[in-house]
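K.L.:
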Amino acid sequence: MSLAVTERNAPFLLTGPALLVFLGLVIVPLGMTVLLSFYDWGQYKGIVPEFTLKNWIEVFTDSYFFEIFMRTFRIAILVTLAAIVIGVPEAYILNRMSPAWRSAFLLVIIGPLLVSVVARTLGWALLLGSTGLVNQGLISLGVIATPLEFMFTETGVVIALIHVLIPFMILAVWASLQRLDPQIENAALSLGAGRVTIWRRVILPQIVPGILSGSIIVFALAASAFASPAIIGGRRLKVASTLAYDEFLNTLNWPLGAAVATLLLVALVLITVGSNRLIERRYAQVFE
Amino acid sequence: MRRNGPLALIFHGLFVVFMLAPLLIVCVVAFTPEGYLSLPTRGPSLRWFRAILDYPEFIRAFRDSLWLAALSSTIAIGLAVPAALAIARYRFPGREAITALFMSPLMVPHVVLGIAFLRFFTQIGISGSFVGLVLSHVIVVIPFALRLVLAASYGIDRRIEHAAVSLGAGTATVFRRVTLPLILPGVVSGWLLAAINSFDEVTMTVFIASPATVTLPVRMFLYIQDNIDPLIAAVSACLIAMTAILLFALDRLFGLDRLFVGSGKG
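The listed protein sequences correspond, in order, to chains A and B.
Okay, so the first sequence: first residue is 25 according to the working numbering, each after it adds one.
Okay, so the second sequence: first residue is 1150 according to the working numbering, each after it adds one.
In structure tokens:
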């Protein structure tokens, strides 16, 4: 090698290639997208590189966009809450299983993560349709008389997204459960604490960081999910990502689509970085 | 540690049904002998699996997806290995920022990345090309490659390398004969996780794929947007079956918990 590798320049030589790729393929394209959101656009004139705030004014003042962003974050919050309510007990149950059973069920929980989200959402479309298995089952059980509407509703999107994202919550909570010392639970038990008390006072406080970091992942992925809302929600029930898709590939109003995408990115970065900071400050001792 | 009570096991059972139901229904419907979506009540039929052969676009998309996954994860590993070694061994200015930058594709919504690449590739004139697909996939899979290689690199005892150097081995030899074998498990699992994520990626790819270069998930997504029929169920069933086989192989080879716990997105 003609270049002398020294302790001083080694880190830069080693990270250099990846750094160049990221500068060229992440920083520059993202910067161009932000720039694009300030460009003008017309039905016949196309994209005009003249600085204008009209896309941003439209995004912030038109109630159509407000409604879509509200729906996006409402769905993300519901999915996150459901993931906590279902995922935390499931992780706890999983953690108490014998190693053999646990690794078998881990396959069941992690497995779907590896299956294309399109195939998984197709499954929900089949289950949730008006003649789908869920409605047929509920009708034959006498729970309902007429089929429930799941397709093209927020409920349907939320159900599909819980299925897609709950493995992330379970993995995050399980990771923090593994760091738990089972002797602490036994100590509480020997001191006369009931099961509910042990849960509330001993286990829960120790796994809260895991729950919170799982929540951030689930929330961010739910708010930016695309395929599931597009398939279950259809063309009319739009969320931020499907809106951006429509502006780019159907309406062809790229500057407006770029404004929607930039807003989604900025909102998510603020929310995730902000909550990460809060968690780290609050639970500094847990993160060593 | 105490055992799970009956209530816990019922909850667990329901949860397992919830996780598997959508995958199972796809596989069952794929075997229908009817021309419409239905359960195969008249006995299973392979009619719709045969029908896939009449749609070469699915087969072509599958082949393109495999190439794309192999190429992009190989390039990603090529970039991730030196970067991981640098991050694991040296304290240098900007180390944290660089790590955060390399992990950032996990944080940026894939819709935004798709839009950014569409704009960028259109400007530089490679929109809709296979090269564009590979470049964009390299970016989204680098975090998976980097994380696993990084985990492997932290565990290395550097005295082994120093011993090799003191015995007269050059930089390249030390890397090839000492360092690489030590981090190989991380490299292989990182490559696999990167390849799987590239193969499954749909949100970003839907923006940059063109009719000439379309991946299997994007082809399926566009098909479902038009109509849902037993054919797409059969395609999905094939995908699910392949993933299941891969999953068992991975579990045997690496142990799934090692591959995923603490290495999920985010």
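Think of the CB as a built atom: it goes at the ideal place given N, C-alpha and C, for glycine as much as any other residue.
If you measure from the beta carbon of residue 1334(B) to each beta carbon in chain A, is any gap under 8 angstroms?
P.N.:
Residue 1334(B) sits at position 185 when you count from the first residue of the second sequence. False, the Cβ-Cβ gap to chain A never drops below 8 angstroms.
K.L.:
Put residue 72(A) into one of helix, strand or coil per three-state DSSP.
P.N.:
Along the first sequence, read from residue 1 onward, the residue named residue 72(A) stands at position 48. Correct three-state label for residue 72(A): strand.
K.L.:
Taking CB distances under 8 angstroms as the criterion, tell me whether residue 1415(B) reaches chain A.
P.N.:
Taking the second sequence and counting its residues from 1, one reaches residue 1415(B) at position 266. Confidence at residue 1415(B) is low in this model, with a pLDDT of 28, below 50, so its placement is unreliable and the value that follows should be read with caution. It does; some Cβ of chain A falls within 8 angstroms.
K.L.:
Using the C-alpha atoms, what's the distance from residue 97(A) back to residue 303(A)?
P.N.:
The residue given as residue 303(A) occupies position 279 in the first sequence. The residue given as residue 97(A) occupies position 73 in the first sequence. Taking the straight line from one Cα to the other gives about 20 angstroms.
K.L.:
Taking Cβ-Cβ distances below 7 angstroms as the criterion, which residues of the segment 53-67 of chain A are in contact with chain B?
P.N.:
Listed by position along the chain: 53, 54, 56, 57, 60.
K.L.:
Going by beta carbon distance, what residues of the same chain come within less than 8 angstroms of residue 1323(B), once the five residues before and after it are set aside?
P.N.:
Indexing the second sequence from 1 puts residue 1323(B) at position 174. Cβ within range, chain order: 1310, 1313, 1314.
K.L.:
Check distances from the C-beta atoms of the segment 292-310 of chain A to those of chain B and list, in chain order, the residues that come in under 9 angstroms.
P.N.:
Cβ contacts with chain B come from 292, 293, 296, 297.
K.L.:
Using beta carbons (cut-off 8 angstroms, strictly below), is residue 1152(B) in contact with chain A?
P.N.:
Residue mapping note: residue 1152(B) aligns to position 3 of the second sequence, counting from 1. Chain A, which has a Cβ nearer than 8 angstroms to the Cβ of residue 1152(B), makes this yes.
K.L.:
Determine the extent of the alpha helix (DSSP H) in which residue 223(A) is found, giving its start and end residues.
P.N.:
In the first sequence, counting from the first residue as 1, residue 223(A) sits at position 199. First-last for residue 223(A): undefined, no H or E at that position.
K.L.:
Could you compute how far the alpha carbon of residue 63(A) sits from the alpha carbon of residue 85(A)?
P.N.:
Here the question's residue 63(A) lines up with position 39 in the first sequence. Here the question's residue 85(A) lines up with position 61 in the first sequence. Between residue 63(A) and residue 85(A), the C-alpha separation is close to 18 angstroms.
K.L.:
Would you kindly report the start and end of the unbroken beta strand (DSSP E) that includes residue 66(A)?
P.N.:
Here residue 66(A) refers to the residue found at position 42 when the first sequence is read from its first residue. Residue 66(A) -> beta strand (DSSP E) spans 64-66.
K.L.:
Quick one: does residue 1411(B) have its CB under 8 angstroms from some CB of chain A?
P.N.:
Residue numbering aside, residue 1411(B) sits at position 262 when the second sequence is read from its first letter. Unreliable positioning characterises residue 1411(B) in this predicted model, as indicated by a pLDDT of 42, which lies under 50. The coordinate reading is nonetheless provided below. Yes, because at least one Cβ of chain A sits closer than 8 angstroms to the Cβ of residue 1411(B).
K.L.:
Per DSSP, which one or two residues make a beta bridge with residue 1352(B)?
P.N.:
Translated into positions along the second sequence, residue 1352(B) becomes position 203. Answer is none; residue 1352(B) lacks a bridge partner.
K.L.:
8 angstroms is my cut-off, CB to CB: does residue 26(A) come that close to chain B?
P.N.:
Walking along the first sequence from the start, residue 26(A) turns up at place 2. Low local confidence applies: a pLDDT of 44 at residue 26(A) is under 50, so the model's placement there is unreliable, with the coordinate-based value given in what follows. Answer no: the Cβ-Cβ gap between residue 26(A) and chain B never drops below 8 angstroms.
K.L.:
Scan the segment 84-106 of chain A for residues whose Cβ lies nearer than 7 angstroms to a Cβ of chain D and list them as they occur along the chain.
P.N.:
In the structure shown, chain D does not exist; the protein chains are A and B.
K.L.:
According to the neighbour-count rule (16 or more other Cβ atoms, all chains shown, within 10 Å of its Cβ), is residue 1206(B) buried or exposed?
P.N.:
Working through the second sequence from its first residue, we reach residue 1206(B) at position 57. Its Cβ having fewer than 16 others within 10 Å, residue 1206(B) is exposed.
K.L.:
Evaluate contact between the segment 1355-1372 of chain B and the segment 1230-1237 of chain B, counting only Cβ atoms and requiring at least three cross-stretch pairs below 8 angstroms.
P.N.:
As far as the Cβ criterion goes, the segment 1355-1372 of chain B does not touch the segment 1230-1237 of chain B, which means the pair count is below three.
K.L.:
Is it buried or exposed, residue 166(A), if we count other Cβ atoms within 10 angstroms and call 16 or more buried?
P.N.:
The residue you call residue 166(A) lines up with position 142 of the first sequence. The residue in question, residue 166(A), is exposed, as its Cβ has fewer than 16 Cβ neighbours within 10 Å.
K.L.:
Exposed or buried, which one is residue 168(A) when buried takes at least 16 other CB atoms within 10 Å?
P.N.:
Walking along the first sequence from the start, residue 168(A) turns up at place 144. Exposed, by the Cβ-count rule.
K.L.:
Rounding to the nearest angstrom, what Cα-Cα distance links residue 192(A) and residue 108(A) in this structure?
P.N.:
As a first step, residue 192(A) must be located in the first sequence, where it is residue number 168. As a first step, residue 108(A) must be located in the first sequence, where it is residue number 84. C-alpha separation (whole angstroms): 11 angstroms.
K.L.:
What's the C-alpha gap between residue 1376(B) and residue 1350(B)?
P.N.:
Counting from 1 along the second sequence, the entry for residue 1376(B) is found at position 227. Counting from 1 along the second sequence, the entry for residue 1350(B) is found at position 201. If I take the Cα positions, the gap works out to 21 angstroms.
K.L.:
Going by the beta-carbon positions, is the gap between residue 110(A) and residue 181(A) smaller than 8 angstroms?
P.N.:
Within the first sequence, the letter at position 86 stands for residue 110(A). Within the first sequence, the letter at position 157 stands for residue 181(A). In this structure, residue 181(A) does not lie closer than 8 angstroms to residue 110(A) by Cβ.
K.L.:
State yes or no: is the beta carbon of residue 1267(B) nearer than 8 angstroms to at least one beta carbon in chain A?
P.N.:
The residue you call residue 1267(B) lines up with position 118 of the second sequence. For residue 1267(B), the answer is yes, since a Cβ of chain A falls inside 8 angstroms of its Cβ.
K.L.:
Quick check: what's the CA-CA separation for residue 222(A) versus residue 234(A)?
P.N.:
The count along the first sequence starts at 1 and reaches residue 222(A) at position 198. The count along the first sequence starts at 1 and reaches residue 234(A) at position 210. Each residue's alpha carbon lies about 18 angstroms from the other.
K.L.:
Do we get a CB-CB distance below 8 angstroms when we pair residue 1159(B) with the residues of chain A?
P.N.:
The residue labelled residue 1159(B) in the question sits at position 10 within the second sequence. Judged by the 8 angstroms Cβ criterion, residue 1159(B) is not in contact with chain A.
K.L.:
Since residue 103(A) contacts residue 186(A) with CB under 8 angstroms, what's their CB separation in whole angstroms?
P.N.:
Residue numbering aside, residue 103(A) sits at position 79 when the first sequence is read from its first letter. Residue numbering aside, residue 186(A) sits at position 162 when the first sequence is read from its first letter. With 8 angstroms as the limit, residue 103(A) and residue 186(A) qualify as a contact, their Cβ atoms being about 6 angstroms apart.
K.L.:
Residue 250(A) CB to nearest chain B CB: under 8 angstroms?
P.N.:
On the first sequence, residue 250(A) is found 226 positions in, with the first residue counted as 1. True, the Cβ-Cβ gap to chain B drops below 8 angstroms.
K.L.:
Could you spell out the range, first to last residue, of the alpha helix (DSSP H) harbouring residue 78(A)?
P.N.:
The residue given as residue 78(A) occupies position 54 in the first sequence. 78-85 is the extent of the alpha helix (DSSP H) around residue 78(A).
K.L.:
List, in order along the chain, the chain A residues whose C-beta lies closer than 8 angstroms to that of residue 1256(B)?
P.N.:
For this step, residue 1256(B) is matched to residue 107 along the second sequence. Ordered by position in chain A, the residues that pass the 8 angstroms Cβ test against residue 1256(B) are 244, 292, 293, 296.
K.L.:
In angstroms with no decimal places, state the Cα-to-Cα distance between residue 1290(B) and residue 45(A).
P.N.:
Locating residue 1290(B) in the second sequence gives position 141, where the first residue counts as 1. Locating residue 45(A) in the first sequence gives position 21, where the first residue counts as 1. Going by the C-alpha atoms only, they are around 13 angstroms apart.
K.L.:
Using a Cβ-Cβ distance cut-off of 8 angstroms, determine whether residue 1210(B) contacts chain A.
P.N.:
By 1-based counting over the second sequence, the position of residue 1210(B) is 61. No, because no Cβ of chain A sits closer than 8 angstroms to the Cβ of residue 1210(B).
K.L.:
Flag residue 172(A) as yes if its beta-carbon sits less than 8 angstroms from any beta-carbon of chain B, otherwise no.
P.N.:
Within the first sequence, numbered from 1, the residue matching residue 172(A) stands at position 148. No - not a single Cβ of chain B is within 8 angstroms of the one on residue 172(A).
K.L.:
Which whole-angstrom value describes the C-beta separation of residue 1226(B) and residue 1294(B), a residue pair presumed to lie in contact below a C-beta threshold of 8 angstroms?
P.N.:
Against the second sequence, residue 1226(B) aligns to sequence position 77. Against the second sequence, residue 1294(B) aligns to sequence position 145. Indeed they touch by this definition, with Cβ atoms about 5 angstroms apart.
K.L.:
Alpha carbon to alpha carbon, how far is residue 1156(B) from residue 1164(B)?
P.N.:
As a position in the second sequence, residue 1156(B) is number 7, starting the count at 1. As a position in the second sequence, residue 1164(B) is number 15, starting the count at 1. Whole-angstrom Cα-Cα distance: 12 angstroms.
K.L.:
Pull up the CB-CB distance for residue 1210(B) and residue 1365(B), whole angstroms please, since I reckon it's below 8 angstroms.
P.N.:
The sequence position of residue 1210(B) within the second sequence is 61, counting from 1. The sequence position of residue 1365(B) within the second sequence is 216, counting from 1. About 4 angstroms; that satisfies the 8 angstroms criterion.
K.L.:
Could you check if residue 1411(B) is buried or exposed, using at least 16 other CB atoms within 10 Å of its CB as the buried criterion?
P.N.:
Taking the first residue of the second sequence as 1, we reach residue 1411(B) at position 262. In this predicted model, residue 1411(B) has a pLDDT of only 42, less than 50, meaning its place in the structure is not dependable enough to derive any value.
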